[in-house]
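Peer 1: The structure follows.
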Ligand code: G6P
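In the numbering used here, the protein residues as written are 499 to 954.
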């Protein structure tokens with residue numbers, strides 16, 4: 499039977515690989531989107547449409563749809579060259595930079611012929627997704643489209659299947675009209691018309707919705723419907739990881755490493771928007787300003803590689819690694835390593851660090867939400883303090899209980915770290931309780947319900 503609920507995202511809920519016997523096996527897809535959406539839609543008879551990304555995904559796709567934990571997965575196999583243009587050049591190399599304000603404007607964006615061809619690739623992949631949805635969805639079905647990769651589907655689906663109730667959700671920030679004007683006018687128009695074709699567009703924070711509306715008023719002359727629904731970490735799922743043997747082992751190892759020193763933690767992708775370099779600079783200033791902390795604090799940066807097909811990300815990783823090295827060389831002694839940089843991407847280790855921190859530093863220059871801030875608030879067992887960027891979508895919900903970080907102000911960030919480390923036990927406990935309450939006020943199920951309501 500044709501499904502009455504279809505979820506569409508670029509990265510799917512399953513990622514395929516080969517086991518030792520050479521058999522194709524499915525594991526959970528990477529990333530926050532899957533971890534919140536997967537459990538929420540399980541058991542609702544939904545079909546999830548996503549790109550086949552790896553060779554193994556493509557092999558699995560050749561075998562047809564896959565029945566998985568409570569939903570059916572249907573994979574789109576885009577043309578290889580189109581996929582690179584759509585994913586690397588436009589989605590990650592252009593829209594991600596634009597929405598997060600990451601452009602180095604004297605040099606980028608460079609909208610040359612190659613880029614204009616890439617836009618056609620983006621359009622073709624969006625079109626292929628729209629056709630697959632149109633082919634799959636039942637009469638009047640609800641379609642939940644996720645993220646900036648798939649901005650054009652609203653207009654496409656309106657044309658192909660006007661009976662469908664399609665909504666879009668951006669997991670990123672949305673840029674304002676001035677940044678939108680970096681795009682050629684016909685392309686800005688196509689992008690925003692693509693989004694305006696949905697019944698409604700959802701965002702984690704009112705700031706991003708307001709910016710989207712402002713862009714639409716500027717380019718289209720009117721503002722389409724929007725809704726605000728901050729996502730939440732899956733409590734049950736994450737507690738399960740926290741209770742696992744792997745996590746327990748990691749916690750013991752971390753205890754040995756840290757001893758009786760204070761622990762500052764960050765958990766992030768190695769991603770330009772996450773502001774890793776200014777975080778290290780702030781730590782450097784903290785040590786300079788507070789000799790009493792030298793030798794008595796450890797900064798564990800659990801950061802893992804991401805999108806390394808893009809030269810900017812590769813270069814950034816090198817900068818991050820060499821800065822950590824430089825600070826360790828400068829400050830470290832025989833019995834003290836000030837920074838532990840771990841790039842291994844082992845989730846139970848990240849969860850152990852979130853249970854154990856005294857201070858969690860979340861200082862992105864701009865972030866759609868930031869799930870780590872919420873996961874930390876849920877998991878921490880030491881009344882740890884959250885130092886949170888006011889530019890993260892999660893700031894909206896957590897601001898009363900977190901300390902405010904202006905992510906550009908290195909000295910200010912160092913001061914916030916000092917305040918967090920100096921905070922008395924009473925205030926820490928009070929803030930930690932309020933953080934936990936705020937982080938658990940919504941759930942993946944309530945977030946999904948908000949999208950379903952917007953579709954009606
Ligand atoms: C992060 C962002 C999401 C995005 C995802 C894509 O999690 O918050 O908005 O969809 O990255 O990551 P990928 O690894 O698929 O490029």
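We put the beta carbon where it would ideally sit given N, CA and C, even for glycine.
With distance defined between alpha-carbon atoms, name the residue in 741, 671, 926, 873 nearest to residue 726.
Peer 2: Minimum Cα distance to residue 726 is reached at 671.
Peer 1: Roughly how many whole angstroms lie between the Cα atoms of residue 549 and residue 625?
Peer 2: Roughly 13 angstroms between the two C-alpha positions.
Peer 1: On the CB-based measure, 16 or more other CB atoms within 10 Å of its CB, does residue 603 come out buried or exposed?
Peer 2: So residue 603 counts as exposed.
Peer 1: Helix, strand or coil for residue 736 per DSSP?
Peer 2: Looking at residue 736 - three-state DSSP - the assignment turns out to be helix.
Peer 1: Hey, is residue 592 close to ligand 1, as in C-beta under 7 angstroms from one of its heavy atoms?
Peer 2: No, Cβ of residue 592 sits at least 7 angstroms from all heavy atoms of ligand 1.
Peer 1: Taking residue 587 as the reference, which of 598, 612, 565 has the closest Cα?
Peer 2: Nearest C-alpha to residue 587: 612.
Peer 1: Counting along the chain, where does the beta strand (DSSP E) carrying residue 981 start and finish?
Peer 2: Because the chain is modelled from 499 through 954, residue 981 falls outside the range shown and cannot be assessed.
Peer 1: Mapping the DSSP letters down to three states, classify residue 699 as helix, strand or coil.
Peer 2: Strand at residue 699.
Peer 1: Could you check which residue in 678, 582, 543 has the C-alpha nearest to that of residue 635?
Peer 2: Of the listed residues, the one whose Cα sits closest to residue 635 is 543.
Peer 1: Would residue 752 and residue 856 qualify as a contact pair, given that the criterion is a beta-carbon distance under 8 angstroms?
Peer 2: Cβ distance not < 8 angstroms, so residue 752 and residue 856 don't count as in contact.
Peer 1: Could you have a look at residue 835 and say whether DSSP puts it in helix, strand or coil?
Peer 2: Residue 835 falls in the coil class under three-state DSSP.
Peer 1: Since residue 478 is in the alpha helix (DSSP H), which residue starts that stretch and which ends it?
Peer 2: In the structure as shown, the chain begins at 499 and stops at 954. Residue 478 is therefore absent and cannot be evaluated.
Peer 1: Taking the straight line between their C-alpha atoms, what separation do you get for residue 935 and residue 941?
Peer 2: Taking the straight line joining both Cα atoms gives about 12 angstroms.
Peer 1: If you draw a straight line from the C-alpha of residue 598 to the C-alpha of residue 519, how long is it?
Peer 2: If you take the alpha carbons of residue 598 and residue 519, they lie about 43 angstroms apart.
Peer 1: Confirm the yes/no value for this check: CB of residue 530, any heavy atom of ligand 1, distance under 7 angstroms.
Peer 2: Because some heavy atom of ligand 1 lies under 7 angstroms away, the Cβ of residue 530 counts as near it: yes.
Peer 1: Count the other CB atoms, across all protein chains shown, that sit within 10 Å of the CB of residue 734; report buried if there are 16 or more and exposed otherwise.
Peer 2: Residue 734 comes out exposed.
Peer 1: Taking the Cβ atom as the reference point for each residue, do residue 971 and residue 784 lie within a distance shorter than 8 angstroms?
Peer 2: Here the chain covers residues 499 to 954 and nothing more, so residue 971 does not appear.
Peer 1: In this structure, how does DSSP classify residue 840 when only helix, strand and coil are distinguished?
Peer 2: Three-state DSSP puts residue 840 in a strand.
Peer 1: Would you check if the segment 690-698 and the segment 663-678 touch, i.e. whether three or more CB-CB distances between them fall below 8 angstroms?
Peer 2: Contact holds: three or more Cβ-Cβ distances are below 8 angstroms.
Peer 1: Suppose you measure from the CA of residue 581 to the CA of residue 691; what does that come to, to the nearest Å?
Peer 2: When rounded, the distance between both Cα atoms is 22 angstroms.
Peer 1: Taking the straight line between their C-alpha atoms, what separation do you get for residue 681 and residue 650?
Peer 2: Those two C-alpha atoms are separated by around 15 angstroms.
Peer 1: Based on the DSSP output, what are the partners of residue 525 in its beta bridges?
Peer 2: Partner(s): 513.
Peer 1: Could you check how far apart the C-beta atoms of residue 642 and residue 505 are, in whole angstroms? I think they sit under 8 angstroms.
Peer 2: Indeed, because the Cβ distance is near 5 angstroms, the residues count as touching under 8 angstroms.
Peer 1: Residues in its own chain within less than 6 angstroms of residue 814 by CB, not counting five upstream and five downstream?
Peer 2: Contacts found: 770.
Peer 1: Pick helix, strand or coil for residue 609, following the three-state DSSP scheme.
Peer 2: Correct three-state label for residue 609: coil.
Peer 1: Indicate whether residue 908 and residue 776 have their beta-carbon atoms separated by less than 8 angstroms.
Peer 2: Result yes, Cβ atoms of residue 908 and residue 776 sit closer than 8 angstroms.
Peer 1: Please confirm if residue 576 has its CB atom under 8 angstroms from at least one CB of chain D.
Peer 2: The chain inventory of the structure shown lacks chain D, comprising one protein chain alone.
Peer 1: Out of 592, 890, 644, 750, which one is the CA nearest neighbour of residue 677?
Peer 2: Nearest C-alpha to residue 677: 592.
Peer 1: Could you give the DSSP three-state label for residue 634: helix, strand or coil?
Peer 2: Here residue 634 sits in helix by DSSP.
Peer 1: Note down the Cα distance separating residue 804 from residue 837, rounded to an integer number of angstroms.
Peer 2: The straight-line gap from Cα to Cα measures roughly 21 angstroms.
Peer 1: Could you check the C-alpha separation between residue 511 and residue 533 for me, to the nearest Å?
Peer 2: C-alpha separation (whole angstroms): 8 angstroms.
Peer 1: Starting from the Cα of residue 552, find the closest Cα among 568, 527, 563, 830 and give me that residue.
Peer 2: Nearest option by C-alpha distance: 527.
Peer 1: So, under 8 angstroms CB-CB, residue 566 and residue 524 are touching, yes? Tell me the CB distance rounded to an integer number of Å.
Peer 2: About 7 angstroms separates the two Cβ atoms, so the contact holds.
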